[in-house]
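Novice: Handing you this structure, nothing more for now.
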Amino acid sequence: MTLPESAAQEPQEALPLDVMEVFGYRGIGALAERMGIEFLELTPERSVARMPVEGNTQPLGLVHGGAYVVLAESLGSTAANLHAGPTKIAVGIEINASHSRSATEGWVTGVCTAISLGRTLVTHEIAISDEKGRRLSTVRMTNFIKDRPEGQVFETK
Numbered sequence: 082m083t084l085p086e087s088a089a090q091e092p093q094e095a096l097p098l099d100v101m102e103v104f105g106y107r108g109i110g111a112l113a114e115r116m117g118i119e120f121l122e123l124t125p126e127r128s129v130a131r132m133p134v135e136g137n138t139q140p141l142g143l144v145h146g147g148a149y150v151v152l153a154e155s156l157g158s159t160a161a162n163l164h165a166g167p168t169k170i171a172v173g174i175e176i177n178a179s180h181s182r183s184a185t186e187g188w189v190t191g192v193c194t195a196i197s198l199g200r201t202l203v204t205h206e207i208a209i210s211d212e213k214g215r216r217l218s219t220v221r222m223t224n225f226i227k228d229r230p231e232g233q234v235f236e237t238k
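For the sequence shown, the working numbering assigns the number 82 to the initial residue and increments by one for each residue that follows.
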């Protein structure tokens, strides 16, 4: 049996999402943009983003541990804010990271999975891997959901 031509092709690489378009009023933030973070999938339950190694390393040429945390917090905060909805905001109250190895080239990818999506607390686990699928860092983040302050201004592009 032969596969249809479309099934025999290599899978297409996911295209980055425009987070401003998803939310309609805020982006991913200046730090995440400066680090080259690109969102590939975005729901409260599961989100995926990637970050280039180049430009996010420490002096030995390894990805800086803080860069992993920025990628993870960008994923966890964005997913939590999507869960919170337009009249609320999610703010980080706890983050824990365990780094198990590092990357020296290419891209690292974070997969953010909801552990608990509550009314006031949201917890996600973020697994960061290299291009070979090896886990580099495991991060757990908890956000507190509260009413959005009246007149709060979000950054725009």
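Even glycine gets a Cβ: it sits at the ideal position worked out from N, Cα and C.
Identify which residue in Asn137, Asp211, Ala160 has its Cα closest to the Cα of Ile109.
Specialist: Answer by Cα proximity: Ala160.
Novice: Using a Cβ-Cβ distance cut-off of 8 Å, determine whether Ile118 contacts chain B.
Specialist: No chain B appears in the structure shown, which is made up of a single protein chain.
Novice: Look at Ala171 and Val203 and say whether their C-beta atoms are less than 8 Å apart.
Specialist: In contact: Ala171 and Val203 (Cβ atoms closer than 8 Å).
Novice: Could you tell me the distance, in whole angstroms, from the CA atom of His205 to the CA atom of Gly232?
Specialist: Their Cα atoms are separated by approximately 28 Å.
Novice: Can you name, in chain order, every residue of its own chain whose Cβ lies under 7 Å from the Cβ of Pro133, other than the five neighbours on each side?
Specialist: So the list reads Gly117, Trp188, once near-sequence residues are dropped.
Novice: Classify Glu154 as helix, strand or coil using the three-state DSSP reduction.
Specialist: Residue state, collapsed to three classes: helix.
Novice: May I have a chain-ordered list of the beta strand (DSSP E) segments no shorter than 3 residues that lie completely inside the region 164 to 234?
Specialist: Counting whole runs of 3 or more residues, the region 164 to 234 contains the beta strand (DSSP E) stretches 169 to 180, 188 to 198, 202 to 210, 216 to 228.
Novice: Give me the residue from Gly191, Pro140, Arg115 with the minimum Cα distance to Glu212.
Specialist: Ranking Gly191, Pro140, Arg115 by Cα distance to Glu212 puts Gly191 first.
Novice: Could you check which residue in Pro125, Glu186, Ser183 has the C-alpha nearest to that of Gly199?
Specialist: If we check each option's Cα against that of Gly199, Pro125 comes out closest.
Novice: Name the two residues that bound the continuous beta strand (DSSP E) containing Glu122.
Specialist: Per DSSP, Glu122 belongs to the beta strand (DSSP E) from 119 to 123.
Novice: On the premise that Val220 lies in contact with Ser183, defined as a C-beta separation below 8 Å, what is that separation, rounded to the nearest angstrom?
Specialist: Contact flag wrong, Cβ pair sits at about 14 Å.
Novice: Classify Arg131: buried if its beta carbon has 16 or more other beta carbons within 10 angstroms, exposed otherwise.
Specialist: Under this definition Arg131 is a buried residue.
Novice: Which term fits Glu135, buried or exposed, when burial requires 16 or more other beta carbons within 10 angstroms of its beta carbon?
Specialist: Its Cβ having fewer than 16 others within 10 Å, Glu135 is exposed.
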